[in-house]
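Just so you know, the numbering used here puts 534 at position 104 of the sequence shown, and the rest follows in order with no gaps. Here the structure comes first, spelled out in structure tokens, and everything after it is commentary.
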Amino acid sequence: MSLQLDPEYEKELIVRLSRGDQAAFHAIYKYYSPRVYGKLLKVLKSKELAADILQELFAIIWQKRAGIDPDKSFNAYLFRISHNLVIDVFRKAKRDQQLIDHLIHAGLQEMENTEDWLFRKENEGWLHKAIERLPAQRQMVFKLCKLENKSHEETAQLLNISRATVNNHLVKAIQNLRAFAAENPDMAGILLLFWLFE
């Protein structure tokens, strides 16, 4: 079980940090970095990206130390900045196919354990909301192939269409759903982006 930081001690550290105390900064980093890293890894599914964002996050904390209010939740402040940094990664991915390919590959490599499966399940509402925006037959193809794990051949037979048509619908469905995720740049939208490529 992880130890909780005493609120008064945390406030003292924040005050010292705001004055440029490096020892206080390192104490804050030591306490918060494993927690932030774990959340980043759960979303990004990439150890490299999670580590990069963690370092960027604490660089920002140090740069903006004088403006941190010790009377407000530092935890909320920290995760708000990390949230924005993650959104920046996904916005960049929209313009960088190599990055999005990396994110997808990392997601497929990391999302095999039960905890991650349950984490994805929490976001099914977003997925179904996005699927409802698809044309009827495209919805059917996506549901059969991605949600029911039917092969392209099985889906083609069930819908009485060709395998090429199945593939075409699936490609377009994923494009549509990725666009939906990009239109909703919050944590649920980000998680949805990974859900699509299971």
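No residue lacks a Cβ here, since even glycine has one placed at the ideal position from N, Cα and C. As the structure is a computational prediction, the values presented were derived from the model and not from experiment.
With a cutoff of 8 Å on beta-carbon distance, residue 567 and residue 561 are scored as not near each other. Between residue 593 and residue 603 the beta-carbon gap is near 15 Å, outside 8 Å, which marks them as no contact. Collapsing the DSSP output to three states places residue 500 in coil. For residue 606, the secondary structure class from DSSP, reduced to helix, strand or coil, is helix. Sorting 504, 589, 465 and 578 by C-alpha distance to the C-alpha of residue 480 places 465 at the top. In terms of Cβ geometry, residue 447 and residue 487 do not form a close pair [threshold 8 Å]. Proximity to residue 483 across 507, 469, 445 and 458 peaks at 469, based on C-alpha coordinates. DSSP places residue 590 in the coil class of the three-state scheme, outside both helix and strand.
Between residue 492 and residue 520, the gap from beta carbon to beta carbon reaches 8 Å or more. For residue 605, the closest alpha carbon among the candidates 517, 578 and 565 is that of 565.
Residue environment for residue 508: buried (at least 16 other C-beta atoms within 10 angstroms of its C-beta). If you look at residue 482, you'll find it in the alpha helix (DSSP H) that goes 477-493.
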